[in-house]
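Input: a single structure, listed below in structure tokens.
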Amino acid sequence: MTPYRIKRHRKRLHGGSHYALVPFIDMMTILVVFLLAHTADVDLLPNTRSIPIPQSLSQQPPHPSVVVMVTSRSIYVDGRLVGRIGDLVAGPDPVIEPLKAALSAPDDGTLIATAKQAPAKREVTIMGDKHMPYSVLKKIMMSCSAADYDKVSLAVVQRERAQPQGAAT
Numbered sequence: 044m045t046p047y048r049i050k051r052h053r054k055r056l057h058g059g060s061h062y063a064l065v066p067f068i069d070m071m072t073i074l075v076v077f078l079l080a081h082t083a084d085v086d087l088l089p090n091t092r093s094i095p096i097p098q099s100l101s102q103q104p105p106h107p108s109v110v111v112m113v114t115s116r117s118i119y120v121d122g123r124l125v126g127r128i129g130d131l132v133a134g135p136d137p138v139i140e141p142l143k144a145a146l147s148a149p150d151d152g153t154l155i156a157t158a159k160q161a162p163a164k165r166e167v168t169i170m171g172d173k174h175m176p177y178s179v180l181k182k183i184m185m186s187c188s189a190a191d192y193d194k195v196s197l198a199v200v201q202r203e204r205a206q207p208q209g210a211a212t
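Read in order, the letters of the sequence shown are residues 44 to 212 in the working numbering.
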């Protein structure tokens with residue numbers, strides 16, 4: 044066979060390949076939308092290394108809620124400083140008024156969405172140091188309750204359950 048006939052024979056059999064680009068682009072678009080929709084699992088609690096959080100065996104993931112973060116020095120509501128612990132907790136009053144005011148005044152998107160809910164459905168998560176005195180925790184919980192937050196949760200780190208001695212991994 045001559046080289047000319049070989050070329051003609053190959054061209055006739057393969058017909059000059061072309062790619063169907065439109066279905067490929069459609070599939071890539073669907074894949075991107077699917078991945079964006081299913082990777083929206085973001086942490087609902089802020090990540091802080093300065094607060095050692097207690098551990099728990101609870102399997103329930105946190106719900107989107109207002110976060111009251113208590114460090115060794117300050118109290119924050121959704122990242123906004125409310126005040127210093129020493130100033131806020133001093134005194135016999137069981138309610139911390141600046142914290143109650145910060146929880147009642149919706150400034151942030153989470154606070155606005157929570158303020159629109161019925162009082163029985165309002166939820167707040169307290170994220171505090173595991174060495175925080177109980178008297179401080181009690182005043183914070185009373186302040187949340189006074190600001191019409193009925194569901195008060197404590198943020199904990201999920202700990203794995205210990206396996207029995209003879210169990211295989």
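We treat Cβ as the ideally placed atom computed from N, Cα and C, and that holds for glycine. Just so you know, these numbers come straight off a predicted model, no measurement behind them.
| Item | Value |
| --- | --- |
| Taking only the alpha-carbon atoms, compute the straight-line gap between methionine 185 and leucine 79 and give it to the nearest angstrom. | 40 Å |
| By the DSSP assignment, the beta strand (DSSP E) with lysine 194 in it spans what residues? | 194–197 |
| Along the beta strand (DSSP E) that carries tyrosine 119, what are the first and last residues, could you check? | 117–120 |
| Using DSSP bridges, identify the partner residues of glutamate 140. | DSSP, once it has assigned bridges, lists no residue as partnering glutamate 140. |
| The alpha helix (DSSP H) with threonine 72 in it runs from where to where? | 64–81 |
| Can you tell me which of Pro66, Val199, Phe67, Ile118 puts its alpha carbon nearest to the alpha carbon of valine 179? | Ile118 |
| To the nearest angstrom, how far is it from the Cα of alanine 198 to the Cα of aspartate 172? | 10 Å |
| Within its chain, find whatever has a CB closer than 7 Å to the CB of leucine 124; leave out the 5 residues flanking it on each side and keep chain order. | Ser117 |
| How is glycine 134 classed by DSSP in three states: helix, strand or coil? | coil |
| Taking the DSSP output, what are the residues bridged to isoleucine 169? | Val111, Leu197 |
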